[in-house]
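Residue numbers (UniProt numbering): 1 to 558. Below: one structure, written as structure tokens.
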Amino acid sequence: MKIYLKRFSFLLLSLTLLLGACETEESFTITSPDPEFKLNTPGISSVFLNFSLPDNPAFTISWDDQIGSGTDYTVEMATEATFASPVALGTSQASSFSMSVKDFNEAINNAGITTFKDVAIYMRVKTSNATSNEILLLVTTYPTKEPEIDGIKEGDAFVLSLDNNDAVALTFNLNDPILDSSLNIDIEYIIEAAAPNTDFATPIEIVKSKNNGTISITNSQLNAAAIQSGIAVDTAGDLEIRVRSIITDKTTQQTLERIGTPIKINVTTYLTVLDLSTSWGIVGSAANDWGATPDLPLYKTDVDGVLVAYVNLTDGEYKFRENNDWGNNLGTGGSAGSLSSGGGNIAVTAGSYKITLDLNNNTYTQENFSLGIVGGAYNDWGASPDFMLEYDPYSDVFRGMVTLIDGEMKFRMNNDWGTNWGDDGKDGTLDPGGANIVVTAGTYFATVDMNDLTYTLEPVTNVWGLVGGAYNNWGATPDAQFKRDWSKPFNDIWILKDVTLIDGEFKFRANNDWGVNYGDDGNDGTLEAGGANIVTTAGTYSFELDFSDPNAPTYKKI
């Protein structure tokens, strides 16, 4: 009897549960069970990944080990709370897990994160049959992927020209999400070039850009880089270009460098040195003792047949002639300023002149002309003569290497205030009668372009000279100073002409000081820092120093 009652009670209970389930079907919900073991919330929920400490722990998490030793725990992260796409970070048999800054940052970057601050990272721990609760970390990451160049591609060709010297040759955008970051950082992009297959052993800097991913390169900038890489003038050749990014944390001043994949392009170069040479020159007692030395050269202008010379003459006379020969010469004609074949000598007093020869009309003009630097930074505003700039026919500008002190300066004509220029906007453009130009002490290459009234002051680190027993008793008087060779603008070449030496030895040094000096250990024309003295016999010599490759400078007699 008891058996039947028990069976009947069980049947009745089952029927009651079944009827109850049918009645509540529409409101039935499934709730997640409590986690089978607990992942502890770390004391710090905001994580800053410092790229300067890549091997430091980024985080350490722990959990209650309720399952037992020997269990394999897998630590997962996700960028959403649902863990729709979990990423395994690693495993542990202990009840804790750590990960380095570098590895955690890389895992987050690989998850497709394109922001770098307050990145929400959810974490949990799993075993083969149990899952912990989730915790949330807010992470500040840094980029690991190098910026990509959009706008040029492998094999693109660029034909450059002097006519487009200042025009943009190419513009590209850098694909780098860090530019949109709200982090307190500066990003500097450096576009570099190199000869193919050199692995950028000696990179050539083309242009820099700070906090700006849009970069333009002019014909002149690309042309200069191509020539420096070894592509000959007026020749097509391959050139590799890459972007190097330097991120600087403004608070810590720590930096992170990323280097992009090189892109090979083809570049056709052009000659930037102007060919303003002519066959005509100035000869006379006022110029070169009637041909004892080569005639003073005249140069082309932008008008065909009109030539110009900027010369220093002594009291005397002069004429014009072609090819350093009397077969074709011009002198004074029948009226002022006119010329005739074989005409008379032109009288002149000592001074600096601009002389213009018009072969179209057989006329000439002669005007006082000198362009100099004056100021408290040089000559106490004219207490002594101005520093004179020399005409550079290779670039059609006026140049000079000048040593200045802290102060101000201007440019002026003929040591006189009648015509002077300053810089009102501090923008490198000269303004007649403009504001004084403030300079700091140092040696500079000063350049003035009279065509567009622009100027530059380029600091010079080393001014090269010759010193030795063969010249100045090893520095008892100033060294024989070299001049920069502007006929080769892409090379660091210096020229010293017609220096008289006696039997003895000499070396080359910078800034009349022994801090930087070179000799020749192997007597092979290659210079070594602090190297052996160079032996010479008495005579008059000219030298060329070539520092284009700072690792292997050379010298030669010319």
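Just so it is clear, CB atoms sit at the ideal spot from N, CA and C, and this is done for glycine as well.
{"Query": "Which of the three DSSP states, helix, strand or coil, is assigned to Val460?", "Result": "coil"}
{"Query": "Between the alpha carbons of Tyr310 and Phe398, how many angstroms are there, rounded?", "Result": "10 Å"}
{"Query": "Return the chain-ordered list of same chain residues with a C-beta closer than 6 Å to the C-beta of Gly90, the five sequence neighbours on each side being excluded.", "Result": "Val75"}
{"Query": "Leaving out the 5 sequence neighbours to the left and right, which residues in its chain are closer than 6 Å to Tyr122 when beta-carbon positions are compared?", "Result": "Ala78, Ala81, Glu134 and Leu136"}
{"Query": "For the putative contact between Gly375 and Met413, defined by C-beta atoms under 8 Å, what is the C-beta separation to the nearest angstrom?", "Result": "Incorrect: roughly 15 Å between the Cβ atoms, too far for contact."}
{"Query": "Would you mind working out which of Ile206, Asp424 and Ser384 sits nearest Ser229, comparing C-alpha positions?", "Result": "Ile206"}
{"Query": "Does the Cβ of Ala194 lie closer than 7 Å to at least one heavy atom of the ligand COA?", "Result": "No copy of the ligand COA occurs in the structure displayed, which carries no ligand at all."}
{"Query": "So, is Thr141 buried or exposed, given that buried needs 16 or more other C-beta atoms within 10 angstroms?", "Result": "buried"}
{"Query": "Taking Ala532 and Asp521 to be in contact with their CB atoms under 8 Å, please state how far apart those CB atoms are, rounded to whole angstroms.", "Result": "5 Å"}
{"Query": "Rounding to the nearest angstrom, what Cα-Cα distance links Val87 and Val125 in this structure?", "Result": "11 Å"}
{"Query": "In angstroms with no decimal places, state the Cα-to-Cα distance between Thr29 and Phe83.", "Result": "Any reading at Thr29 is ruled out, since the residue's pLDDT is 39, under 50, leaving its predicted position unreliable."}
{"Query": "Which of helix, strand or coil does DSSP assign to Asp166?", "Result": "coil"}
{"Query": "Which value, in whole angstroms, describes the spacing of the CA atoms of Asn362 and Leu307?", "Result": "11 Å"}
{"Query": "What residues in its chain sit with their C-beta under 8 Å from that of Asn324, if we drop five residues either side in the sequence?", "Result": "Gly281, Val283, Gly291, Pro294 and Asp295"}
{"Query": "Could you check what DSSP says for Asp358 in three-state terms: helix, strand or coil?", "Result": "strand"}
{"Query": "Tell me the residue span of the beta strand (DSSP E) that contains Asp325.", "Result": "Asp325 to Thr332"}
{"Query": "Let me make sure I understand the geometry here. Which of Asn329, Glu240, Gly337 and Thr252 has the alpha-carbon closest to that of Ser279?", "Result": "Asn329"}
{"Query": "For Trp280, which residues does DSSP report across the bridge?", "Result": "Glu322"}
{"Query": "Check whether the Cβ atoms of Phe200 and Ser132 lie closer than 8 Å to each other.", "Result": "no"}
{"Query": "Determine the closest residue to Leu165 out of Thr269, Ala94, Gly515 and Glu146, with distance taken between C-alpha atoms.", "Result": "Residue 165 is actually Asn in this sequence, not Leu. It is Thr269."}
{"Query": "In this structure, does DSSP put Phe398 in helix, strand or coil?", "Result": "strand"}
{"Query": "Got a sec? Which residues, its chain only, sit under 8 Å from Ala167 by beta carbon, not counting five neighbours each side?", "Result": "Thr218 and Asn219"}
{"Query": "With Thr440 and Asp406 assumed to form a contact (beta carbons below 8 Å), what rounded beta-carbon distance in angstroms separates them?", "Result": "6 Å"}
{"Query": "Just list the residues that DSSP pairs Tyr364 with in beta bridges.", "Result": "Leu357"}
{"Query": "Within this structure, are the beta carbons of Lys507 and Asn491 separated by less than 8 Å?", "Result": "no"}
{"Query": "Starting from Ala224, trace the beta strand (DSSP E) both ways and give me its first and last residue.", "Result": "From DSSP, Ala224 is part of no beta strand (DSSP E) but of the alpha helix (DSSP H) over Asn219 to Ser229."}
{"Query": "Kindly give me the distance between the Cβ atoms of Thr272 and Asn223, rounded to whole angstroms, as I take these residues to be in contact under 8 Å.", "Result": "7 Å"}
{"Query": "Could you name the residues that DSSP lists as bridge partners for Glu408?", "Result": "Val438"}
{"Query": "Using the Cα positions of Ile534 and Asp498, report the straight-line distance between them to the nearest angstrom.", "Result": "18 Å"}
{"Query": "Determine, using beta carbons only, whether Glu436 and Gly372 come nearer to each other than 8 Å.", "Result": "For the sequence presented, residue 436 should be read as Asn rather than Glu. No, they are not a contact pair."}
{"Query": "Once the 5 residues before and after Ile247 are set aside, which same chain residues still bring their CB inside 6 Å of it?", "Result": "Ile185, Ile187 and Leu256"}
{"Query": "Helix, strand or coil for Ile538, going by three-state DSSP, please let me know.", "Result": "The sequence given here has Ala at residue 538, not Ile. Coil at Ala538, not helix or strand."}
{"Query": "Select from Tyr444, Glu106, Thr456 and Leu298 the residue whose C-alpha is nearest the C-alpha of Leu359.", "Result": "Leu298"}
{"Query": "Can the beta-carbon of Gly400 be found less than 8 Å from the beta-carbon of Trp421?", "Result": "no"}
{"Query": "Mind checking which residues open and close the beta strand (DSSP E) that includes Asn312?", "Result": "Val306 to Leu313"}
{"Query": "Thinking C-alpha only, which one of Asn173, Lys264, Asp176 and Asp249 is nearest Gly237?", "Result": "Lys264"}
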